[in-house]
Each structure stands twice: as structure tokens, then as C-alpha cells.
Amino acid sequence: MIMRIGRARCDTREDNPDGGQWTSDGNSIQSGRVRLAGALPTNDTPEIPNEKPPTTRERNRIARAVARWMSRYGGRIGRIVGKAYWLYEEYPNIRASLDSPKTLEELRQAVSNPQPGYETHHIVEQGPARSEGFPESLIESRENKVLISKYKHWDISTWYSTPNEKFGGASPRDYLRGKSWDERTRIGLQSLVDHGVLKP
Amino acid sequence: MSRFDPEAMTADQLVDRFLTIALAQDDALLMNDTVAYTRLYEEMDAVRNELKRRPGDQRRGLVRLYSHPNAQVRLKAAITTLAVTPQAARHTLQVISDRNEYPQAADARGMLRALHEGTYVPS
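Line order of the protein sequences matches chains R and Y. Following this note's numbering, the numbering of the first sequence begins with 1 at its first residue and continues without gaps. Following this note's numbering, the numbering of the second sequence begins with 1 at its first residue and continues without gaps.
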């Protein structure tokens, strides 16, 4: 069964700053999936099986696709989760990924009060910093830690470790090898801004 | 994805290959599969280089991907064509950023900033 969350009366964020509202199209129930439809783009919308996927990997893939879609088009999360019950388990992660950007101080303060759907993120990556001899007093300092959405955390980690044209085809992590703490902090803060976590 | 010989392909075939690679990259990002993404990045580089070296710089054939529904396709097409259609490519990056099409919006913002600051010069 495919439940199409239609665009007939669904506004994009461009149209509606409040994020719009999904409306179900009762005539389009076809098979065991929920398909989210959008104005633009239309064919990269996630399909959500009503039955819980057997692997964590697949559940994460679908839940992250839903979170991405919602970050682009808005809408009420309960509408989707309500049609695929297993997604309720991912609700905190999806909801957290939709946070508006916060100030650096807000993100730092939140570390002391962790919530489901969030993870502690080191502005300067802890693994490379540790292996290059930076002191624990810097790596684990209050200034270097922020609480961010789990999915954003994953996105940023992937960004650090994959090749990027902006760095001449190197990964940001490779680019930062041998660089100063200040340069690592600069890149770390930029990545938070670019991923919509930190206010510019 | 099967091995391929860029030199043996037509420009249209290379553009199609570029599209296929970008879609696979998007899947890899969704799965946090950095190994697959890195391999696909290198394969895309081979396509880009082959298009660039052909008479007339055939990278401009990627412009037709600016309107593709997938944000990774548009992002990579725009970055690859910054030297040949700079205004349209920048506009495509700006739209990805403005629409909050994460995670591609992050790369679009980073590239726009690098262009503005002159730390990235398209070639």
C-alpha cells in the first residue's frame, strides 16, 4: 500500500514560512509504502515501508531520507510517523534534525543536558586532534563541544572524511592534517554553519 | 558500477555516466558509506577530466542537469561547470543553499563562500 502524502494542498517552505502542511490523498493508496511527494524535486522522495525494515542500516537510511525531505519541505512529522509505526522509534532523531540554527553558546550549554536525538560533537575533530598531539584540555574543553542533532552529526562526520572540490579533491580531514588548532576551529565552525546547525 | 573507459564514450554518454555516479554518491551519503563515496568521486573526476579535454570543453553538456530533481546531481553539475557557465552554476548552488537541501546545501554554501573569498578558482 502506498500512502502518498500529496502536494495538492502542501506548501513548500518558500510558500509558507511555517513549513506547510501535508495532506493525504486517500485515492492514492496502492501498496505497502508511504511515498512523500513534493513539488520540487519530485522523484527523490523517500518511500517508507509500513513494515519495519530488518536492519538498522536500512531503518537509518529511510529515517534520514525522511528527515532530509522534511528539512526541505516542512510539514507535520506526526503525519508520516503515524502511517509507518516503526518510524516512531526514529522520531527523536528526525525531530532533532529539523532544529533551526542556534547560537554557539546555546549549542555549548546543551551539552550538559543531552536529549534523545542529539549527540555531542567536537568542533575540532577529536580523533585527528588526539593523534596529532593536541592536549586533552583543548579537545575535551567546554569550548570545543556542542550538542547537535544525531543526523547532522553523521552528515558532518561524513563531510569531514570524503573528498571535496573546495579542498582540491582532498577531504577536509586530510586538508586539516598538520594545521593549527585555530584553523581546525575555523573549519569546524564553518561546517556547523553550512550544515544549518550554527547561526552565521 | 562496472569499469568504464571514458575515452571510448561519447559526450552524451559521459553526461549520462556523470548523472549515474552522482545518484550513487547521494545513496552513499545517505548510508554514511565514505569508502563508496570516495570511489565514486574518483570516477566522477575521470568523467569531468574527459569532458574538459574534449574540443570546446564538453563540460557544458552538464548544464542540462541543473534542473534534475536530485540535489547531489545539481550540486556536482554546478561545481563542475563553474568555469564554463559561471553565473548559471552559481545560481544553481545558491538555489540548493536557499532550499536547505541538506547535506548538499552545506557543500553549496562552502563553495559559494570559497568563490567569494577567492580561495577556490574554477578551472
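The beta carbon of each residue, even a glycine, is placed where N, CA and C say it ideally should be. Predicted model only: the values in this text are computed from it and were never measured.
task: Output yes if chain R places a C-beta closer than 8 Å to the C-beta of ILE79/Y; else output no.
output: Taking Cβ atoms only, chain R reaches closer than 8 Å to ILE79/Y, which makes this a yes.
task: Starting from the C-beta of VAL121/Y, find all residues in its chain whose C-beta is less than 6 Å away, skip the five residues before and the five after it, and write them out in chain order.
output: Excluding residues within five positions, none has a Cβ falling inside 6 Å.
task: Can you give me, in chain order, the residues of the segment 32 to 44 of chain Y that have a beta carbon less than 7 Å from any beta carbon in chain R?
output: Listed by position along the chain: ASN32, THR34, TYR37, THR38 and TYR41.
- prompt: First and last residue of the beta strand (DSSP E) that includes LYS208/R?
  reply: With chain R represented from 1 up to 200, any question about residue 208/R goes unanswered, as that position is not in the structure.
- prompt: In angstroms, rounded to a whole number, what distance separates the CA positions of ARG28/Y and GLU125/R?
  reply: According to the sequence displayed, residue 28/Y carries Ala and not Arg. If I take the Cα positions, the gap works out to 22 Å.
query: Are the CB atoms of ALA78/Y and THR92/Y nearer to each other than 8 Å?
result: For ALA78/Y and THR92/Y, yes; Cβs fall inside 8 Å.
field: HIS91/Y: first and last residue of the uninterrupted alpha helix (DSSP H) it sits in
entry: From DSSP, the alpha helix (DSSP H) with HIS91/Y extends over 86 to 98.
query: Run through DSSP, which three-state label would HIS195/R get?
result: DSSP places HIS195/R outside both helix and strand once states are collapsed to three, so it counts as coil.
task: Using the DSSP secondary-structure output, state which residues sit across from TYR118/R in a beta bridge.
output: Beta-bridge annotation (DSSP): TYR118/R is paired with SER149/R.
- prompt: Terminal residues of the continuous beta strand (DSSP E) containing GLU47/R?
  reply: Note, GLU47/R: beta strand (DSSP E), 47 to 49.
Option nearest ASP12/Y by Cα separation, candidates ILE96/Y, GLU101/Y, GLU50/Y and GLN87/Y: Cα-wise, what sits closest to ASP12/Y is GLU50/Y.
task: Starting from the C-beta of THR85/Y, find all residues in its chain whose C-beta is less than 8 Å away, skip the five residues before and the five after it, and write them out in chain order.
output: Listed in chain order, the non-local C-beta contacts of THR85/Y below 8 Å within the same chain comprise ARG60 and VAL63, local neighbours out to five positions each way being set aside.
query: Leaving out the 5 sequence neighbours to the left and right, which residues in its chain are closer than 8 Å to ALA114/Y when beta-carbon positions are compared?
result: The answer, listed in chain order, is TYR120.
query: For SER71/R, does the three-state DSSP call read helix, strand or coil?
result: In this structure, SER71/R counts as helix in the three-state DSSP scheme.
- prompt: If you draw a straight line from the C-alpha of GLU183/R to the C-alpha of MET111/Y, how long is it?
  reply: Rounded to the nearest whole angstrom, the CA to CA distance from GLU183/R to MET111/Y is 18 Å.
query: Going by alpha carbons, who is nearest to TYR66/Y out of ILE96/Y, VAL47/Y and ARG109/Y?
result: The shortest C-alpha separation from TYR66/Y is found at ILE96/Y.
query: With burial defined as no fewer than 16 other Cβ atoms inside 10 Å of the residue's Cβ, what is the status of VAL35/Y: buried or exposed?
result: Exposed: under 16 other Cβ atoms inside 10 Å.
Residue interval of the alpha helix (DSSP H) (run including ASP174/R): In this chain, the alpha helix (DSSP H) harbouring ASP174/R covers 172 to 176.
message: Taking beta-carbon pairs under 7 Å, can you tell me which members of the segment 70 to 101 of chain Y lie near chain R?
response: Sequence-ordered contacts of the segment 70 to 101 of chain Y with chain R read ASN70, ILE79, ARG99, ASN100 and GLU101 [C-beta pairs closer than 7 Å].
- prompt: Hey, quick one: how far does the alpha helix (DSSP H) through ILE123/R stretch, first residue to last?
  reply: Counting along the chain, ILE123/R falls outside any alpha helix (DSSP H), and DSSP gives it neither H nor E.
message: Can you check whether the C-beta of HIS121/R is within less than 8 Å of a C-beta belonging to chain Y?
response: Using a Cβ-Cβ cut-off of 8 Å, HIS121/R does not count as an interface residue toward chain Y, since no Cβ of chain Y sits closer than that to its own.
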